[in-house]
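K.L.:
If you count by my numbering, then the sequence shown holds residues 2 to 602, one letter each, in order.
Backbone N, C-alpha and C fix where the C-beta goes; we use that ideal spot for every residue, glycine too.
Got a structure for you, written out below as structure tokens; questions coming shortly.
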Amino acid sequence: MSEQGPKHPKHPKHPKRPKYPKPPRPPKDSRHPKDSRHPEDSLEAATEATRSLQGPSTELTARVPQLLDAMRSVGTGLELHTTLDRICETAAELSHARYAAIGVVDEEGEGLSDFVTHGVPEQVANEIGHRPDGHRGLLGALIHDPRPVRLADLTADPRFAGFPPGHPPMRTFLGVPIRVQGEVFGNLYLAEKDGGGEFTDYDLHMVRVLATEAGIAIGNARLYEAARQRERWIDGSVAVTTALLSGGDADDALAVVAEQARHLAASAAGIVLLPAEDGGLEIVAVSAEEPTSALGVIIPAQSPVVGMLLGGEAVFVDDSATDPRMVTRLADRFGPSMLLPLRSGGRVLGALVTPRARGGRPFTETERTLAAQFASQAALALMMAEAQRDRERLAVYEDRDRIARELHDLVIQRLFATGMMLESAQRRSDVPEVQSGVGRAVDELDVTIQEIRTAIFALQQEPAEAPSGLRTRVLREINMAAVPLGFKPAHHFLGPVDSLVGELTGKNLIAALREALSNAFRHADASRIDVVVDATATLPDGRDAVRLTVADDGVGIPRGGRRSGLRNLARRAESLGGASWFGPGLGEAGGGTTVVWQAPL
């Protein structure tokens, strides 16, 4: 198609004109015009419609350039929804219609998956509420019988099923199917021709030509959209793989999986589940538009969905709230859902769930395929991360064995020899003060040897299977942080933290403490840090809570600095129904930083 429209033909100076057959008059039964044949080939349809435009009509002479401009306008742009909006607007201008719409037929060919309108104000559209689904009425009939329809009064047609409350009045109607690569994509609807007249044969012919061009434009837009969609899923897979193999906290990596899945699937939530100790699947990571208390919920093994997922089978649900296979209360808030096994190499590591809100658009076949591929890639990355952690753990065990051998074979032997030399010197000395001092030194060496032997024994033991209490784990984190800090942070416990704080909350509290101490070491340049774990705290709504406070006298948080660590703390707290914030520290005039993290008990 030329970028420039054709020039208007010049009228000859003499009145004589070649004789052309007069254009056909509209048939009496305007629902099925004589020229509404249904050729399968789009090019043939365009050719036939263009031929029918030949005639001496002054209206045609003026509107052909307008048609060409309309076709050129429709063919610009690659975004699918923008293209549909442009087609509606162009068709309305070309046919002088007040309203235009495109109904996109769903994959099953039984209804409409999308409905794009032009001419209906947003306020009116909101008052109407739900858009047509194409399951009944005239729009439903055009889905099952996709051919051009022109009506002088659509309300008089037997297929008309009435307007919903608030719908603007419409009488004249013109409908034309839109085909993409020979398949029906949807229908273009026009209503209420300006001036109160009916749509003419010329309107029908030109809209058919426009629909043919629209089919080409939509085909290009769909290809572009599919390529962009695949690119986004690939980028998401790369982000997940990078997060899992970066060697960071495993919970943070799983949170990345949930967040990427929610974003890519355009769902209300992204949920990662791993096998629970007592059977079933436990929710270990959640990314949602709103704070949720789903973290830690266990889907029982008796659920049909759990058996299918652990068997490596994907489950697609049209409405989670009504599907009998969804047995948890969480399902009541969601509609269409994809439940995908995290499977790699014949091993199922867990599951990934991406539910949409109730009444949301169903997942297409393409989205299901891309999501399944994403889940497989995430499962492979999980296995690789697990293998990497096993290698690192093995390296730690080997290093511990080496240190234990060196302590036993070298350090203890030297300390023992030094003790024997001191005892010999003690016996040779006649000065009581010297004998007393050397005796104390020998006693200290004996104590040191016993402590080293205890450390050697601990290095040679496997990690305890039963988890330590929260107090012990907090002290362990503080002692580990003392090495890079150069001093040991002060600590204080309020209330029975071991008995009140649950395992899930305690696990996230330890991760928050580790993050806060790491930030203090890397950024604060502090000389004093105080850690307080308060199991007697309360939330603003009155619920009992545990509160972690980490305060320092460092340089504080600079303006414009990175906030990724603080965002991680807030996300952990919000996932449990709590909160996290920061404020002035322990230094002079509030210098430094105080980080507060709290969650309900």
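Could you name the residues that DSSP lists as bridge partners for K194?
P.N.:
Position 193 of the sequence shown, counted from the start, is the residue given in the question as residue 194. K194 pairs with A98.
K.L.:
Below 6 Å CB to CB, which residues in the same chain sit around F364 once its five sequence neighbours on both sides are set aside?
P.N.:
As a position in the sequence shown, residue 364 is number 363, starting the count at 1. Within the same chain, F364 has close Cβ partners P337, M339.
K.L.:
What residues are listed by DSSP as bridge partners for M339?
P.N.:
If you number the sequence shown from 1, residue 339 lands on position 338. DSSP lists F317, T355 as partners of M339.
K.L.:
State the start and end residues of the unbroken alpha helix (DSSP H) segment that holds V498.
P.N.:
For this step, residue 498 is matched to residue 497 along the sequence shown. Taken as a continuous stretch (DSSP letters only), the alpha helix (DSSP H) holding V498 covers 498-501.
K.L.:
Across the region 99-117 and the region 226-233, are there enough close Cβ pairs to call them in contact, namely three or more that are closer than 8 Å?
P.N.:
No, the region 99-117 does not touch the region 226-233.
K.L.:
Determine the extent of the beta strand (DSSP E) in which T201 is found, giving its start and end residues.
P.N.:
For this step, residue 201 is matched to residue 200 along the sequence shown. Where T201 is concerned, there is no enclosing beta strand (DSSP E), given that its DSSP letter is neither H nor E.
K.L.:
Would the beta-carbon of A380 fall within 7 Å of that of L341?
P.N.:
As a working mapping, residue 380 is identified with position 379 in the sequence shown. As a working mapping, residue 341 is identified with position 340 in the sequence shown. No, the pair does not count as a contact, with Cβ atoms beyond the cut-off.
K.L.:
Would P147 be called buried (16 or more neighbouring beta carbons within 10 Å of its own) or exposed?
P.N.:
Taking the first residue of the sequence shown as 1, we reach residue 147 at position 146. Counting Cβ neighbours within 10 Å, P147 comes out buried, since at least 16 surround it.
K.L.:
For G591, collect the residues of the same chain with a Cβ closer than 6 Å to its Cβ; drop the 5 residues on either side in sequence, then sort them by chain order.
P.N.:
Position 590 of the sequence shown holds residue 591. Contacts found: P585.
K.L.:
Would you mind reading off the limits of the beta strand (DSSP E) that contains I413?
P.N.:
As a position in the sequence shown, residue 413 is number 412, starting the count at 1. From DSSP, I413 is part of no beta strand (DSSP E) but of the alpha helix (DSSP H) over 413-429.
K.L.:
Quick check on DSSP: helix, strand or coil for G167?
P.N.:
Residue numbering aside, residue 167 sits at position 166 when the sequence shown is read from its first letter. Note: G167 maps to coil in three-state DSSP.
K.L.:
Indicate whether the contact test is met: 3 or more Cβ pairs, each with one atom in the region 158-167 and one in the region 194-203, closer than 8 Å.
P.N.:
The region 158-167 vs the region 194-203: no contact.
K.L.:
Can you tell me which of A512, G503, I144 puts its alpha carbon nearest to the alpha carbon of E478?
P.N.:
As a working note, residue 478 is residue 477 in the sequence shown. Minimum Cα distance to E478 is reached at A512.
K.L.:
Is DSSP giving T473 helix, strand or coil here?
P.N.:
Translated into the one-based positions of the sequence shown, residue 473 becomes position 472. In the structure shown, T473 sits in a helix (DSSP, three-state: H, G or I).
K.L.:
Less than 7 Å between the beta carbons of G346 and L275, yes or no?
P.N.:
Translated into the one-based positions of the sequence shown, residue 346 becomes position 345. Translated into the one-based positions of the sequence shown, residue 275 becomes position 274. Against a cut-off of 7 Å, the Cβ pair of L275 and G346 comes out as no contact.
K.L.:
Is DSSP giving G271 helix, strand or coil here?
P.N.:
Against the sequence shown, residue 271 aligns to sequence position 270. In this structure, G271 counts as strand in the three-state DSSP scheme.
K.L.:
Under a three-way DSSP split, which group does D391 fall into?
P.N.:
Within the sequence shown, residue 391 is the residue found at index 390, counting from 1. Here D391 sits in helix by DSSP.
K.L.:
Whose CA, out of V273, V435, S304, L518, lies closest to the CA of V597?
P.N.:
Numbered from 1 along the sequence shown, position 596 holds the residue referred to as residue 597. With distances taken between Cα atoms, V597 lies closest to L518.
K.L.:
How far does the beta strand (DSSP E) with H145 in it extend, from its first residue to its last?
P.N.:
By 1-based counting over the sequence shown, the position of residue 145 is 144. Careful: H145 lies outside any beta strand (DSSP E), inside the alpha helix (DSSP H) at 138-145.
K.L.:
Alpha carbons only, please: which of I129, A358, G281, E366 is nearest the one belonging to Q303?
P.N.:
Your numbering for residue 303 matches position 302 in the sequence shown. With distances taken between Cα atoms, Q303 lies closest to G281.
K.L.:
Does the Cβ-Cβ distance between A256 and E290 come in under 7 Å?
P.N.:
The residue you call residue 256 lines up with position 255 of the sequence shown. The residue you call residue 290 lines up with position 289 of the sequence shown. No; because the gap between Cβ atoms is not below 7 Å, this pair is not in contact.
K.L.:
Can you give me the C-alpha to C-alpha distance between D499 and V443, rounded to a whole angstrom?
P.N.:
Counting from 1 along the sequence shown, the entry for residue 499 is found at position 498. Counting from 1 along the sequence shown, the entry for residue 443 is found at position 442. In a straight line, the C-alpha of D499 is about 40 Å away from that of V443.
K.L.:
So the candidates are F186, T594, A126, A153; which of them puts its Cα closest to the Cα of G110?
P.N.:
Numbered from its first residue, the sequence shown carries residue 110 at position 109. Ranking the options by Cα distance to G110, first place goes to F186.
K.L.:
Using 6 Å as the cut-off, classify the Cβ of A102 as near or not near the heavy atoms of the ligand GDP, replying yes or no.
P.N.:
Here there are no bound small molecules, and the ligand GDP is not part of this structure.
K.L.:
Are the region 470-477 and the region 487-501 in contact at 8 Å, needing three or more beta carbon pairs?
P.N.:
Segments in contact, yes.
K.L.:
Quick check: E94 and A153, are their CB atoms within less than 7 Å of each other?
P.N.:
As a first step, residue 94 must be located in the sequence shown, where it is residue number 93. As a first step, residue 153 must be located in the sequence shown, where it is residue number 152. For E94 and A153, no; Cβs fall outside 7 Å.
K.L.:
To the nearest angstrom, how far is the alpha carbon of L495 from that of Q599?
P.N.:
The residue labelled residue 495 in the question sits at position 494 within the sequence shown. The residue labelled residue 599 in the question sits at position 598 within the sequence shown. When rounded, the distance between both Cα atoms is 14 Å.
K.L.:
Just the C-alpha distance for T355 and V349, rounded to the nearest angstrom, thanks.
P.N.:
Here residue 355 refers to the residue found at position 354 when the sequence shown is read from its first residue. Here residue 349 refers to the residue found at position 348 when the sequence shown is read from its first residue. Whole-angstrom Cα-Cα distance: 18 Å.
K.L.:
Taking the C-alpha atoms as reference points, what is the distance between V318 and L113?
P.N.:
Reading the sequence shown from its first residue, position 317 is the one you call residue 318. Reading the sequence shown from its first residue, position 112 is the one you call residue 113. Computed Cα separation, rounded: 19 Å.
K.L.:
What span of residues does the beta strand (DSSP E) with V181 cover, start to end?
P.N.:
To locate residue 181, count along the sequence shown from 1; it is residue 180. It spans 174-181 - the beta strand (DSSP E) in which V181 sits, taken as one unbroken run.
K.L.:
May I ask which residues mark the beginning and end of the beta strand (DSSP E) holding E516?
P.N.:
Here residue 516 corresponds to residue number 515 of the sequence shown, with the count starting at 1. E516 -> not in any beta strand (DSSP E); alpha helix (DSSP H) instead, spanning 504-520.
K.L.:
Could you check which residue in E575, L143, V435, A376 has the C-alpha nearest to that of T506?
P.N.:
Here residue 506 is taken as the residue at index 505 of the sequence shown, counted from 1. Per the Cα distances, E575.
K.L.:
Looking at V210 and V177, is the spacing between their C-beta atoms short of 7 Å?
P.N.:
Stepping through the sequence shown from its first residue, residue 177 is reached at position 176. Stepping through the sequence shown from its first residue, residue 210 is reached at position 209. Their beta carbons are not under 7 Å apart, which means V177 does not touch V210 by this criterion.
K.L.:
For L510 and V547, which I take to be in contact (beta-carbon distance under 8 Å), what is that distance rounded to the nearest angstrom?
P.N.:
Translated into the one-based positions of the sequence shown, residue 510 becomes position 509. Translated into the one-based positions of the sequence shown, residue 547 becomes position 546. Rounded, the Cβ-Cβ distance is 7 Å, consistent with contact.
K.L.:
State yes or no: is the C-beta of T84 within less than 7 Å of the C-beta of A227?
P.N.:
Taking the first residue of the sequence shown as position 1, residue 84 is located at position 83. Taking the first residue of the sequence shown as position 1, residue 227 is located at position 226. No, they are not a contact pair.
K.L.:
Where do the ends of the beta strand (DSSP E) carrying I530 lie?
P.N.:
Taking the first residue of the sequence shown as position 1, residue 530 is located at position 529. I530 -> beta strand (DSSP E) spans 530-539.
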